[in-house]
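Visitor:
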Amino acid sequence: MKKYKVICAIIVFLIAVALRLWNLNEMGRTWEEGALTEKGYNLIELIKKGDFSNRYWVDSYDHPPLINYFYGIASYFDFIRFSPSAIPEYLGKKGAPIFTYDLNHTRLISVFVSSLAVMLVFLFGWKYISPFVGLTAALVLSSIPYFVGLSQRVTYESFTMFFFTASVYSFVYFLKKQSIKALILTGLMLGMSVEVKQPNVLLVPLFLSIYYFWNKYSSKITNKKKVMLKIIYIFAVAFVTYFILWPMPWFYLKEFTGSTYNLWLSGKVGPTPEVFFGRMMGSPIVYFYFLFLIMTPFLLLILFFIGLKSNYKNKYLMYVLIVWFITPFLLSFQNTRQGGVKYIIQAYAPFSLLVGIGFNFLLEKFTQSIKIKLFSLLILFFYLVIVLARITPYYFDYFNILVGGAKNVYNKKLFLMDGSGEGLRETSLYLEKIAPKGSVVGYNLNPPHTFKPVNGLNFLKFELDKSYDYVVVNYYSIIRNGFDSNVLQKDYYLVYTVKADSAGLAFVYKHK
117 MKKYKVICAI IVFLIAVALR LWNLNEMGRT WEEGALTEKG YNLIELIKKG DFSNRYWVDS
177 YDHPPLINYF YGIASYFDFI RFSPSAIPEY LGKKGAPIFT YDLNHTRLIS VFVSSLAVML
237 VFLFGWKYIS PFVGLTAALV LSSIPYFVGL SQRVTYESFT MFFFTASVYS FVYFLKKQSI
297 KALILTGLML GMSVEVKQPN VLLVPLFLSI YYFWNKYSSK ITNKKKVMLK IIYIFAVAFV
357 TYFILWPMPW FYLKEFTGST YNLWLSGKVG PTPEVFFGRM MGSPIVYFYF LFLIMTPFLL
417 LILFFIGLKS NYKNKYLMYV LIVWFITPFL LSFQNTRQGG VKYIIQAYAP FSLLVGIGFN
477 FLLEKFTQSI KIKLFSLLIL FFYLVIVLAR ITPYYFDYFN ILVGGAKNVY NKKLFLMDGS
537 GEGLRETSLY LEKIAPKGSV VGYNLNPPHT FKPVNGLNFL KFELDKSYDY VVVNYYSIIR
597 NGFDSNVLQK DYYLVYTVKA DSAGLAFVYK HK
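Sequential numbering of the sequence shown, starting at 117, is according to this note's numbering.
(1) Thinking just about the alpha-carbon of each residue, which of Val503, Glu273, Phe441 is nearest to the one in Ser231?
(2) Between the C-alpha atoms of Phe589 and Val249, what's the straight-line distance to the nearest angstrom?
(3) Got a sec, what are the start and stop residues for the beta strand (DSSP E) Thr613 sits in?
(4) In terms of DSSP beta bridges, what is Glu390 paired with?
(5) Please report how far the alpha carbon of Ala212 lies from the alpha carbon of Arg197, in whole angstroms.
(6) Taking the continuous beta strand (DSSP E) assigned at His221, which residues delimit it?
(7) With Arg145 as the anchor, note down where its beta strand (DSSP E) starts and where it stops.
(8) Does the beta-carbon distance from Lys529 to Ala619 come in below 8 Å?
(9) Can you tell me the Cβ-Cβ gap for Tyr192 and Phe329, rounded? I've got them flagged as a contact below 8 Å.
(10) So, helix, strand or coil for Leu621, using DSSP?
(11) Could you give the uninterrupted runs of the alpha helix (DSSP H) lying entirely in the region 407-467, keeping only those of 4 residues or more?
(12) Let me know the secondary structure DSSP gives Gly472 once reduced to three states.
(13) Check whether the Cβ atoms of Pro365 and Val174 sit closer than 8 Å, and answer yes or no.
(14) With Tyr586 as the anchor, note down where its beta strand (DSSP E) starts and where it stops.
(15) What span of residues does the beta strand (DSSP E) with Val270 cover, start to end?
(16) Can you find the residues in the same chain that come closer than 7 Å, C-beta to C-beta, to Leu416, ignoring five residues on each side of it along the sequence?
(17) What runs of the beta strand (DSSP E), each 3 residues or longer, lie entirely inside the region 529-566?
(18) What span of residues does the alpha helix (DSSP H) with Asn184 cover, start to end?
(19) Take the Cβ of Thr373 as the centre, count every other Cβ of all protein chains shown within 10 Å, and call the residue buried at 16 or more, exposed below.
(20) Contact between the region 347-363 and the region 301-321: three or more CB pairs below 8 Å?
(21) Give the straight-line distance between the Cα atoms of Asp194 and Phe482, rounded to the nearest whole angstrom.
(22) Tyr262 and Phe477 - do their beta-carbons sit closer together than 8 Å?
(23) So what's Leu251 in DSSP terms, helix, strand or just coil?
(24) So what does DSSP say about Ile160, is it helix, strand or coil?
(25) Give the C-beta separation of Ser448 and Ile401 to the nearest angstrom, bearing in mind that I take them to be a contact with Cβ-Cβ under 8 Å.
(26) Taking Pro213 as part of the beta strand (DSSP E), name the residues at either end of that continuous run.
(27) What are the start and end residues of the beta strand (DSSP E) that includes Ser375?
(28) Use the C-beta contact count for Ile225: other C-beta atoms within 10 angstroms, 16 or more gives buried, fewer gives exposed.
(29) Among Val503, Lys297, Leu532, Tyr609, which residue has its Cα nearest to the Cα of Pro413?
(30) How many angstroms separate the CA atom of Pro321 from the CA atom of Leu576?
(31) For Ser593, which three-state DSSP category applies?
(32) Does Ser295 come out as helix, strand or coil in the three-state DSSP assignment?
(33) Straight-line CA distance for Leu580 to Ala622?
(34) Out of Ala298, Ser309, Glu371, Gln294, point me to the one whose CA is closest to Lys340's CA.
(35) Going by the CB atoms, is the gap between Val501 and Ser259 shorter than 8 Å?
(36) So, under 8 Å CB-CB, Lys568 and Ser593 are touching, yes? Tell me the CB distance rounded to an integer number of Å.
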């Protein structure tokens with residue numbers, strides 16, 4: 117059995133990698149990638165110099181730097197040159213680092229880490245539920261559109277998915293074994309998870325909830341005080357891990373706590389403006405719940421609810437999965453509600469396991485044959501591949517049939533799309549192909565920095581009273597910034613549209 121487990125784990129990992137590699141760069145550069153890559157490069161430069169007192173360690177951050185250490189090392193392979201237009205004082209070099217547009221090597225880190233997260237879900241399901249559920253959950257997680265998209269980018273979320281999942285896995289294992297090794301491993305995973313992103317501190321109440329259900333449904337007579345003491349030791353190991361990986365903020369504690377409070381806890385800024393069911397408004401408290409429902413493949417939602425209603429015999433484990441799933445949604449009570457399901461991406465790990473339970477429960481109503489179950493799993497996976505194929509490579513813009521798909525969302529302007537700047541690589545390649553050298557291209561883009569430069573073309577910010585050979589506009593600028601593309605119809609005509617499942621993301625106009 118162990119041999120089959122290893123083989124299946126390798127297959128799951130390779131499938132996850134393949135789904136991310138085959139069109140790795142087609143989406144184009146997205147919002148945070150350049151900043152994360154540059155920050156990683158800069159931090160590695162400071163480490164090489166032994167400069168750990170530089171204010172850049174504190175001033176440059178919105179999240180802790182753990183992911184930047186990994187991305188920073190890879191960024192050296194994407195580095196091209198220094199820009200003379202910006203000279204960062206903290207580096208004392210020739211200028212700011214410039215990287216290849218596609219960030220091939222840096223993105224491979226995200227692909228690898230996210231695929232490891234998929235394998236962790238497989239191992240958790242195999243060990244604590246059943247081999248079939250573990251395999252199902254892994255294939256489901258590997259194919260969820262939004263997670264695939266994040267896994268191809270230089271993002272926080274690939275690492276969040278891995279370390280959050282690893283933390284829960286190791287804590288469940290700790291409660292079973294209660295060994296020193298399990299305690300230290302759980303503390304390390306918890307510390308590194310919070311080191312990826314501050315909201316992962318939600319693992320603390322999650323651990324306490326899991327302990328409560330373990331104590332109620334799973335534990336035998338034991339010394340409860342001793343177990344609680346060990347859990348406190350886990351938190352202590354996590355704190356030490358966090359401090360060792362990033363000690364600098366503790367020497368600027370006022371700035372550090374102030375920045376963290378303003379980013380996540382302060383109500384001064386108010387809810388993030390979002391288009392929600394056709395209205396521009398402060399994102400409501402139900403934002404993440406609705407976006408999860410409409411950005412997840414519909415069949416998976418059905419299997420998820422079947423899993424919840426399946427009366428799975430292990431109540432302890434069922435409650436673990438439920439509280440694990442619910443915990444990320446607690447971010448609904450702070451104001452940074454935006455980005456679709458990006459901020460709650462870690463909920464997809466227990467979601468996939470519950471989908472696996474639901475799928476297995478449904479199949480066992482009709483058959484016990486493992487061959488038939490595996491064949492049914494292939495059909496489910498084929499359905500998910502079709503979902504990916506329809507929206508590829510713009511996975512962030514997937515919407516399910518509950519809102520009529522991406523095309524209906526686009527036509528009726530129900531929700532934000534193209535929010536990360538995806539699709540602008542495709543417009544650049546089109547202009548590179550058809551625009552004569554020296555052409556003047558006006559752009560009205562949000563964000564403009566994700567646009568791929570084209571040698572020989574002159575790019576200028578669009579102004580209504582000026583004339584251009586071509587004009588490039590993206591949907592996000594129209595729906596979020598209120599740019600009226602109708603003003604172009606007098607002097608320009610549409611020649612190219614970047615589409616995600618029939619929804620327009622970016623548009624190229626040519627002068628009449």
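Note that the Cβ used here is the ideal one computed from N, Cα and C, for glycine as well.
Guide: Looking at the atomic coordinates:
(1) Glu273
(2) Per the sequence shown, residue 589 should be read as Val rather than Phe. Between Val589 and Val249, the C-alpha separation is close to 45 Å.
(3) Counting along the chain, the beta strand (DSSP E) containing Thr613 begins and ends at 608-616.
(4) BP columns for Glu390 point to Met397.
(5) 8 Å
(6) Note, His221: premise wrong, no beta strand (DSSP E); alpha helix (DSSP H) at 220-244.
(7) From DSSP, Arg145 is part of no beta strand (DSSP E); its letter is neither H nor E.
(8) no
(9) Between Tyr192 and Phe329 the beta-carbon gap is near 46 Å, outside 8 Å, which marks them as no contact.
(10) strand
(11) Fully enclosed alpha helix (DSSP H) runs of 4 or longer: 414-424, 431-442.
(12) helix
(13) yes
(14) 586-590
(15) Careful: Val270 lies outside any beta strand (DSSP E) and carries neither H nor E.
(16) Val256, Val471
(17) 556-560
(18) 182-191
(19) By the neighbour-count rule (16 or more Cβ atoms within 10 Å), Thr373 is not buried but exposed.
(20) Flag = yes, the region 347-363 and the region 301-321 touch.
(21) Each residue's Cα considered, the two are about 53 Å apart.
(22) no
(23) Looking at Leu251 - three-state DSSP - the assignment turns out to be helix.
(24) helix
(25) With 8 Å as the limit, Ser448 and Ile401 qualify as a contact, their Cβ atoms being about 5 Å apart.
(26) 212-215
(27) Not the beta strand (DSSP E): Ser375 falls in the alpha helix (DSSP H), residues 369-376.
(28) Around the beta carbon of Ile225, 16 or more other beta carbons lie within 10 angstroms, which makes this residue buried.
(29) Of the listed residues, the one whose Cα sits closest to Pro413 is Val503.
(30) So the alpha carbons of these two residues sit roughly 50 Å apart.
(31) helix
(32) coil
(33) 19 Å
(34) Gln294
(35) Result yes, Cβ atoms of Ser259 and Val501 sit closer than 8 Å.
(36) The Cβ separation is near 17 Å, so there is no contact.
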